[in-house]
Amino acid sequence: MNPPPIASRNPGPSWGYGFLLWAERWWPRWFFRPMLMIGTWVGFAFMPVQRAHSRAYLTVVLGRVPRLIETWRHFFAFAEFLMLKLRAARGVIVSCDLAGEHAASFETLVSSDRPALFGTFHFGGSDLLGYLLGARGRRVSILRLRVGNSDDTRLLGERFAGQVSFLWINDPANLLFDLKAAIESGASLALKCDRLEFSAKTEPFHFLGASRMFPFTIYHLAVLFSRPVVFCTAVPGERSDTLRVIASPVFMPDPALSRAENLVAARGHFQAVLVQLESLVRMHPLLWFNFLPLNPAAPVLVS
């Protein structure tokens, strides 16, 4: 099968990721980190659209207009996470410390051989979790948008080849067939559930002070294929190259209930997930790595 067309490209020069990998490996930290800060200022200056979206988001989450340095710190937090991904891609071990009251049920599911649907968000270190599931012996298909200049994805895919594969969402016409094939093959799916592009099912949920639209496809897949759903998010741990992973309760469709009844239960589960996510976002506002408009408010229905 031919790869899907590339939708866009990441900001920066084509050689940027390779240079960052080389510099991080060979430059001492006392020199590399200030250089990364300078590079972030350069990128910050040349990305006015992303700056505007960051400023609008921070205004919502902070309850005030952010200072310029706070908006830059948002960009720098992403730069630091990008370096963690690149380090993981070149073989550095990133360890995960499970936290929270649902850690045991999450560990039980991950340690089992049952295929599952693992949801997450563009928040903190969550982008690495699908790959780290592969490191635990899980066979995982990660839903990703294929873009140019994305060596982090390519290198991580090469490191975890055999356990991790990609389902490219660039071609929605074929995506449903690819999803069905992956699920029926016994693979688990890892997908992010915050951006609305390419999502066939969206519904309103309360998040950051408003009723906002979110993708809901993961639950339709769960009900259709009788698969458990669990969400996990990750923030930097106390030690270098560690992540603190916070898991949600596991949602399992009830075969004794109708599809509509299961979806009602799913809505309650996802709202609880978003309540947990919002508390983390408010504690770590710079780790929301969506330099896009916030999820739109739900349309008001006029009777």
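Mapping to our numbering: the sequence shown position 51 is 52, numbers consecutive.
Glycine residues also receive a C-beta, built at the ideal position from the N, C-alpha and C atoms.
Can you give me the Cβ contacts of Cys194 inside the same chain, cut-off strictly under 7 Å, excluding the 5 residues immediately before and after it?
For the purposes of this step, residue 194 is identified with residue 193 of the sequence shown, where counting begins at 1. Only Gly120, Phe122, Phe215, Pro216, Ile219 meet the Cβ criterion.
Which of the three DSSP states, helix, strand or coil, is assigned to Ile39?
On the sequence shown, position 38 is the one that residue 39 refers to. Three-state DSSP puts Ile39 in a helix.
Do you know offhand how far Glu198's Cα is from Ala182's?
For the purposes of this step, residue 198 is taken as the residue at position 197 of the sequence shown. For the purposes of this step, residue 182 is taken as the residue at position 181 of the sequence shown. If you take the alpha carbons of Glu198 and Ala182, they lie about 22 Å apart.
Using only CA atoms, which one of Asp128, Ala46, Ser127 lies nearest to Ile70?
Taking the sequence shown and counting its residues from 1, one reaches residue 70 at position 69. Here the closest residue by C-alpha is Ala46.
Using the Cβ count rule (16 or more neighbours within 10 Å means buried), how would you classify Asn3?
Taking the first residue of the sequence shown as 1, we reach residue 3 at position 2. Since pLDDT at Asn3 reaches only 49, below the 50 mark, its modelled position is unreliable, and the value read off the structure follows with that caveat. So Asn3 counts as exposed.
What residue range does the alpha helix (DSSP H) around Val265 cover?
Along the sequence shown, one-based indexing puts residue 265 at 264. It spans 260–284 - the alpha helix (DSSP H) in which Val265 sits, taken as one unbroken run.
Out of Val61, Gly17, Ser200, which has the shortest C-alpha to C-alpha gap to Phe208?
Along the sequence shown, read from residue 1 onward, the residue named residue 208 stands at position 207. Comparing Cα-Cα distances from Phe208 to each of Val61, Gly17, Ser200, the minimum goes to Val61.
At least three beta-carbon pairs within less than 8 Å, the region 245–257 to the region 135–149
no
Within 8 Å, do at least three Cβ pairs link the region 90–105 to the region 151–170?
yes
Look at the Cβ atom of Val95, then the Cβ atom of Leu133, and state whether they are nearer than 8 Å.
Position 94 of the sequence shown, counted from the start, is the residue given in the question as residue 95. Position 132 of the sequence shown, counted from the start, is the residue given in the question as residue 133. Yes, Cβ-Cβ distance for Val95 and Leu133 is below 8 Å.
Contact with chain C by Leu129, beta-carbon distance below 8 Å
Given the protein chain composition of this structure (a single chain), no chain C is represented.
Pairwise C-alpha distance: Ala261 and Phe167:
The count along the sequence shown starts at 1 and reaches residue 167 at position 166. The count along the sequence shown starts at 1 and reaches residue 261 at position 260. C-alpha separation (whole angstroms): 30 Å.
So what does DSSP say about Trp28, is it helix, strand or coil?
Translated into positions along the sequence shown, residue 28 becomes position 27. Three-state result, Trp28: coil.
For His54 and Asn296, the rounded distance between their alpha carbons:
On the sequence shown, position 295 is the one that residue 296 refers to. On the sequence shown, position 53 is the one that residue 54 refers to. Roughly 11 Å separates the two Cα atoms.
Just to confirm the assignment, what range does the alpha helix (DSSP H) spanning His75 have?
What you label residue 75 is simply residue 74 of the sequence shown in a count that begins at 1. Start and end: 69–90.
Measuring only the C-alpha atoms, how far is Ala188 from Arg115?
As a first step, residue 188 must be located in the sequence shown, where it is residue number 187. As a first step, residue 115 must be located in the sequence shown, where it is residue number 114. Going from the Cα of Ala188 to the Cα of Arg115 covers about 9 Å.
I'd like the span of the beta strand (DSSP E) that includes Leu168, first residue to last.
Here residue 168 is taken as the residue at index 167 of the sequence shown, counted from 1. Counting along the chain, the beta strand (DSSP E) containing Leu168 begins and ends at 165–169.
Per-residue DSSP class, three states only, for Ile94:
In the sequence shown, residue 94 corresponds to position 93, counting from 1. Reduced to three states, the DSSP call for Ile94 is coil.
Look at the Cβ atom of Leu225, then the Cβ atom of Gly126, and state whether they are nearer than 8 Å.
For the purposes of this step, residue 225 is taken as the residue at position 224 of the sequence shown. For the purposes of this step, residue 126 is taken as the residue at position 125 of the sequence shown. It is not a contact, given that the beta carbons lie outside the stated cut-off.
Quick check on Gly238: does DSSP put it in helix, strand or coil?
Indexing the sequence shown from 1 puts residue 238 at position 237. In the structure shown, Gly238 sits in coil (DSSP, three-state: anything other than H, G, I, E or B).
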